[in-house]
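J.:
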Amino acid sequence: MSANSGRFKQQRGFTFIELVAVIVLISFLAAIAAPRFFDQIDNAQAASLQGTAGGFSTGVAIAKAKWITDGNSSSGVTTADNRVDVDGIVFNVNTFGWVDSVTESANPNLNVTSQSAKDCQEIFEYILQSPPRSTTKVDTVARKKAQYAVSVIDGGNSDRCRYELIVRSNERPEDAEFYFDYELRTGRVTITLPDNL
């Protein structure tokens with residue numbers, strides 16, 4: 737037995753140089769991989785926003801088309817009670833035929849310069865088939881529970897509804913990088929992404 741034990745050497749751990757080499761190699765790989773990983777996160781957020789904006793744009797276009805087929809025109813003069821029924825949801829439209837609210841008020845808002853954030857949120861929630869959670873509040877607690885923050889941008893002769901993809905709940909709305917705007921006069925949906933995408 738003592739003859740066999742002489743043949744085998746006692747196992748030892750890694751040397752200090754081997755450990756340092758492995759740590760340097762892992763650090764180097766992490767430095768290369770981290771920016772690519774974060775780029776993929778930005779790309780995923782951009783794709784999510786573009787998908788939501790595309791669905792929203794299609795929804796308002798369908799409502800406008802239904803409004804026109806109901807006998808209205810985009811001349812600024814409306815008939816048919818300034819409402820359009822799309823699959824059982826009654827949308828109020830402005831004088832240009834674009835959806836501006838969903839509430840069942842007796843006098844729908846025909847003016848494109850007096851939109852509220854709540855009106856914009858209702859449009860978002862009813863125009864999309866499966867809308868993501870949204871909030872009109874700017875506090876961090878409300879933003880943590882929602883995927884989109886909804887606000888109104890005063891555009892002078894026409895308001896815009898802004899739908900911001902919440903990337904960081906503590907981000908101020910004016911610092912938002914991922915959002916789309918719905919122009920109430922023209923129905924145009926404009927997507928805004930960070931410059932590096």
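Here our numbering is used: the first residue of the sequence shown is 737, the next is one more, and so on. Where is the CB? At the ideal position from N, CA and C, for every residue including glycine.
What separation, rounded to the nearest whole angstrom, lies between the Cα atoms of Asn932 and Ser887?
T.: Approximately 25 Å, taken between the alpha carbons.
J.: How about Arg879 and Ile902: do their beta carbons lie closer than 8 Å?
T.: yes
J.: In whole angstroms, what is the alpha-carbon distance linking Ile688 and Thr751?
T.: What is shown of the chain runs 737 to 933, which leaves residue 688 out entirely.
J.: Check whether the Cβ atoms of Gln883 and Pro868 sit closer than 8 Å, and answer yes or no.
T.: Yes. Within cutoff.
J.: Let me make sure I understand the geometry here. Which of Arg772, Trp834, Ile759 has the alpha-carbon closest to that of Ala799?
T.: Trp834
J.: Under three-state DSSP, which class holds Ala912?
T.: If DSSP states are grouped into helix, strand and coil, Ala912 belongs with coil.
J.: Taking buried to mean at least 16 other C-beta atoms within 10 Å of its own C-beta, is Arg896 buried or exposed?
T.: buried
J.: Start and end of the alpha helix (DSSP H) containing Leu785?
T.: 752-805
J.: Put Thr922 into one of helix, strand or coil per three-state DSSP.
T.: coil
J.: By the 10 Å Cβ neighbour count, where 16 or more other Cβ atoms means buried, how is Thr926 classified, buried or exposed?
T.: exposed
J.: Less than 8 Å between the CB atoms is what I'm expecting for Phe792 and Ile863, so what's the real figure, rounded?
T.: 6 Å
J.: Let me check understanding here. Comparing Cα to Cα, which of Tyr899, Thr876, Ile768 lies closest to Ala853?
T.: That would be Tyr899, whose Cα lies nearest to the Cα of Ala853.
J.: By Cβ distance, which residues of its chain are closer than 6 Å to Ile936, with the 5 residues on each side in sequence left out?
T.: In the structure as shown, the chain starts at 737 and stops at 933, and residue 936 therefore has no counterpart that could be examined.
J.: Can you tell me the Cα-Cα spacing of Val829 and Val796, whole angstroms?
T.: 10 Å
J.: Roughly how far, in whole angstroms, is the beta-carbon of Phe914 from the beta-carbon of Gln781, given that I think they are within contact range, below 8 Å?
T.: 6 Å
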